[in-house]
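Numbering (my numbering), first residue to last: 95 to 656.
Beta carbons: idealized from backbone N, C-alpha and C, even for Gly.
Contents: one structure, followed by commentary.
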RNA sequence: UCCCCGAUGGUGUAAUGGUAACACACUGGUUUUUGGUACCAAUAUUUCAGGUUCGAGUCCUGGUCGGGGAACCA
């Protein structure tokens, strides 16, 4: 191994994850003719979530890295739970993440004819049989881990009879549940999945693509590997839960003698304080615990998008999470870090006051306004400047004033002096309290020669506050979010339903917020930094020109331990 | 009870028989017209017991712990 201690420009070789290592080895060995073709195969029975985002980044990202392509394939073999709404949402989300399915768009349902032929081939070769037993009977004969199963009385039917019976199933001549087609493998196999798995079942259910054409549908195990094979997928990457399915995957491919796609499993993403199961997310939607699949608190891609997350942040997050075979639970803070890191560099800074109280500059002339220049983003020279109005009547954040404050308090309080961001230094004069004892107004004097950028006052102000000039302010509603679940692992409590842990305070709607005037024309899909408050974007569902609604994507990191 | 997989700081991920590293989080400091950012520093790691080897996180054996596995779901 070489080492580059003395080479200053030596970029450290980034180590490869185990799949990259396999890909490089396969490429070097000339496997698959040096071709890389992966696939992303969601079932259209729900919206994609952050866990899928990782899978997408892995399958699409790896193919991209090694000059290959990726297919998008909808694994639509169970018409009961699937719909075109989900198909459309999935296409939109993958594209939004920045990936194109250059290998093509496919549907397992497109292969129903071919799959049927393969089933016949299995039957003719004596590798499959029609079983007339009930689900309960079949289950009972499965045996148990460590205990062999027993053969179905129909296991040794002749191929010709099996073919006739299976054709009857296809023609819709049998009742649902009356027959299934089973692969004939080994009822004593250590892997329960190899104990003559059911591969076709009867369902008189209309399919969102094939309509009423079919009344028999292939099971996952009979459809997935063969679909991979038909598309000549070289590397079929999936999550660890399918490890037990790999022997079956390979059995069908070798028994059928079709293209040898290969399955490799990696650990799926788990995030704390949320859940990652389409079925469970669906329940949140159906029970009205959230405002749809794209509720900004949802870990769905569409929810994150509505919340203000960027594709870049999600992809960086997936990159940081890594690819390995060990089960993991990622800290939610890593996701937030990725967002802040991205937005810090790109988000325009603006000023907004969420919980306004009056800030009156006593020594500033009444009715006068001046426009002060301010930078759009200190991290980005090219973002330029804009002007914001300043006057006698301002709004300030209620929590930036305290009647009694100690030395560590940098904000406004009796005796304190602060800088108003991009404007002047002001010093406390007085404050007004209402009958409840709440402060409604703070009065200050400004120091005229302390103007931002040309400060010759010599006055030091420890703190800097955001503010908005009152006469030009724009009203808005702002939605603040907290984690959806109060428990780090809402699914990890035996005997307790995850719905019990839904955080009742995960949404806070704040109205009467005051924004600087430029925000009247806030752009959709632009995420702004509200100075000192966090990153916000207009809500795609509720925000309208006359009624602005902003979502807070994430707060700024708060280093103040006051 | 049987099969498969895994185990490295708080959380992830690397080290491919040769000095256990990187990121996030946490803590402290410097800079700062965002208590942000940036920068610096500090804390903290190989599941256990044997074995092979000059040398083991890595290989072998066994244990322990964790995950997955019996659906006419995917």
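Beta-carbon spacing of residue i, residue j below 7 Å
{"i": "residue 224", "j": "residue 275", "result": "yes"}
{"i": "residue 521", "j": "residue 533", "result": "no"}
{"i": "residue 186", "j": "residue 165", "result": "no"}
{"i": "residue 331", "j": "residue 153", "result": "yes"}
{"i": "residue 648", "j": "residue 633", "result": "no"}
{"i": "residue 555", "j": "residue 512", "result": "yes"}
{"i": "residue 361", "j": "residue 420", "result": "yes"}
{"i": "residue 592", "j": "residue 584", "result": "yes"}
{"i": "residue 553", "j": "residue 543", "result": "no"}
{"i": "residue 201", "j": "residue 168", "result": "yes"}
{"i": "residue 458", "j": "residue 540", "result": "yes"}
{"i": "residue 368", "j": "residue 393", "result": "yes"}
{"i": "residue 442", "j": "residue 191", "result": "no"}
{"i": "residue 691", "j": "residue 323", "result": "Lying outside 95 to 656, the shown extent of the chain, residue 691 is not represented and no answer is given."}
{"i": "residue 607", "j": "residue 453", "result": "no"}
{"i": "residue 501", "j": "residue 140", "result": "no"}
{"i": "residue 298", "j": "residue 270", "result": "yes"}
{"i": "residue 252", "j": "residue 281", "result": "no"}
{"i": "residue 609", "j": "residue 570", "result": "yes"}
{"i": "residue 257", "j": "residue 217", "result": "yes"}
Alpha-carbon spacing of residue i relative to residue j, whole angstroms
{"i": "residue 568", "j": "residue 641", "result": "10 Å"}
{"i": "residue 576", "j": "residue 333", "result": "29 Å"}
{"i": "residue 661", "j": "residue 434", "result": "Past the boundaries of the shown model lies residue 661; the chain is included only from 95 to 656, so the question cannot be answered."}
{"i": "residue 359", "j": "residue 329", "result": "10 Å"}
{"i": "residue 238", "j": "residue 342", "result": "18 Å"}
{"i": "residue 590", "j": "residue 376", "result": "18 Å"}
{"i": "residue 110", "j": "residue 395", "result": "27 Å"}
{"i": "residue 198", "j": "residue 117", "result": "21 Å"}
{"i": "residue 97", "j": "residue 115", "result": "Per-residue confidence for residue 97 stands at a pLDDT of 33, beneath the threshold of 50, marking its modelled position as unreliable; the derived number appears in the next sentence. Their Cα atoms are separated by approximately 21 Å."}
{"i": "residue 336", "j": "residue 213", "result": "22 Å"}
{"i": "residue 150", "j": "residue 536", "result": "52 Å"}
{"i": "residue 122", "j": "residue 582", "result": "43 Å"}
{"i": "residue 370", "j": "residue 158", "result": "26 Å"}
{"i": "residue 145", "j": "residue 363", "result": "5 Å"}
{"i": "residue 586", "j": "residue 304", "result": "39 Å"}
{"i": "residue 175", "j": "residue 656", "result": "51 Å"}
{"i": "residue 130", "j": "residue 645", "result": "41 Å"}
{"i": "residue 635", "j": "residue 301", "result": "30 Å"}
{"i": "residue 566", "j": "residue 638", "result": "19 Å"}
{"i": "residue 527", "j": "residue 487", "result": "17 Å"}
{"i": "residue 105", "j": "residue 327", "result": "Confidence at residue 105 is low in this model, with a pLDDT of 47, below 50, so the placement of that residue should be treated as unreliable; the coordinate-derived value is given next. C-alpha separation (whole angstroms): 33 Å."}
{"i": "residue 177", "j": "residue 203", "result": "13 Å"}
{"i": "residue 255", "j": "residue 263", "result": "12 Å"}
{"i": "residue 188", "j": "residue 208", "result": "28 Å"}
{"i": "residue 477", "j": "residue 548", "result": "21 Å"}
For residue i: DSSP bridge partner residues
{"i": "residue 638", "result": "641"}
{"i": "residue 607", "result": "570"}
{"i": "residue 446", "result": "609"}
{"i": "residue 305", "result": "301"}
{"i": "residue 482", "result": "466"}
{"i": "residue 165", "result": "133, 198"}
{"i": "residue 268", "result": "None, per the DSSP bridge assignment."}
{"i": "residue 598", "result": "The partner list for residue 598 (beta bridge, DSSP) is empty, contrary to what the question assumes."}
{"i": "residue 151", "result": "Beta-bridge pairing links residue 151 to no other residue."}
Of the listed residues the options, nearest to residue i (C-alpha basis)
{"i": "residue 462", "options": "305, 200, 417, 483", "result": "483"}
{"i": "residue 561", "options": "594, 446, 493, 586", "result": "446"}
{"i": "residue 136", "options": "353, 171, 637", "result": "171"}
{"i": "residue 546", "options": "489, 466, 474", "result": "466"}
{"i": "residue 90", "options": "497, 323, 184", "result": "Residue 90 is absent from the structure shown; the chain starts at 95 and stops at 656."}
{"i": "residue 437", "options": "307, 622, 557", "result": "622"}
{"i": "residue 455", "options": "489, 207, 478", "result": "489"}
{"i": "residue 559", "options": "608, 495, 600, 614", "result": "495"}
{"i": "residue 507", "options": "444, 570, 514, 525", "result": "525"}
{"i": "residue 179", "options": "218, 491, 387", "result": "387"}
{"i": "residue 619", "options": "563, 247, 400", "result": "400"}
{"i": "residue 596", "options": "602, 588, 580", "result": "580"}
{"i": "residue 147", "options": "415, 485, 652, 516", "result": "415"}
{"i": "residue 574", "options": "650, 218, 504, 479", "result": "650"}
{"i": "residue 350", "options": "321, 366, 338, 479", "result": "321"}
{"i": "residue 259", "options": "296, 505, 234, 242", "result": "296"}
{"i": "residue 355", "options": "365, 268, 338, 318", "result": "318"}
Cβ contact check for the stretch 258-274 and the stretch 304-313: 3 or more pairs under 8 Å: Per the Cβ contact rule, the stretch 258-274 is in contact with the stretch 304-313 (3 or more Cβ pairs under 8 Å).
Sufficient close CB pairs (3 or more, under 8 Å) joining the stretch 466-477 to the stretch 409-427: Counting Cβ pairs under 8 Å, fewer than three are found: no touch.
Contact between the stretch 343-350 and the stretch 378-391 (3+ Cβ pairs under 8 Å): Result no; under three Cβ-Cβ pairs closer than 8 Å.
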